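The structure appears right after this line, and notes come after that.
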Amino acid sequence: GVVEQVSADVSQIKAGNFVIVPFTHGCGHCVASLNGFEGNCLNQKPGSNGGYQAEFMKYESADSGLVKIPGAPADYTDEQLA
Numbered sequence: 002g003v004v005e006q007v008s009a010d011v012s013q014i015k016a017g018n019f020v021i022v023p024f025t026h027g028c029g030h031c032v033a034s035l036n037g038f039e040g041n042c043l044n045q046k047p048g049s050n051g052g053y054q055a056e057f058m059k060y061e062s063a064d065s066g067l068v069k070i071p072g073a074p075a076d077y078t079d080e081q082l083a
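Using the working numbering, you'd call the opening residue of the sequence shown number 2 and step up by one each time.
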């Protein structure tokens, strides 16, 4: 998706960035996340699930969890996006 807005706490992601939100994600700070086991994050909040599919969402670990993709969605074919 394309980021519409970020809080002042986010430094690596900017509005307008094309990003992928991985289904497994962590806080980016705990021992599990730092060692590549984001799905086992020790700081998951109650009620959260392991992945999201939505038109819009709030992603609290934006700096550590979102993956920036070069360009914009229009730069890619439907096959590449799939």
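Here a beta-carbon is modelled for each residue, glycine too, at the ideal position from N, C-alpha and C. Computed from a predicted structure; not experimentally measured.
Looking at the unbroken alpha helix (DSSP H) that takes in residue i, where does it start and where does it end?
i	result
residue 32	32-35
residue 80	79-82
Once the 5 residues before and after residue i are set aside, which same chain residues still bring their CB inside 8 angstroms of it?
i	result
residue 20	2, 3, 4, 14, 67, 68, 69 and 70
Since residue i and residue j should fall inside the 8 angstroms C-beta cutoff, what is the C-beta to C-beta distance between them, to a whole number of angstroms?
i	j	result
residue 39	residue 26	5 angstroms
residue 79	residue 12	Between residue 12 and residue 79 the Cβ distance is about 33 angstroms, and since that is not below 8 angstroms, they are no contact.
In the DSSP output, which residue or residues are listed as bridge partners for residue i?
i	result
residue 21	68
residue 11	Per DSSP, none; premise fails for residue 11.
Leaving out the 5 sequence neighbours to the left and right, which residues in its chain are closer than 6 angstroms to residue i when beta-carbon positions are compared?
i	result
residue 17	none
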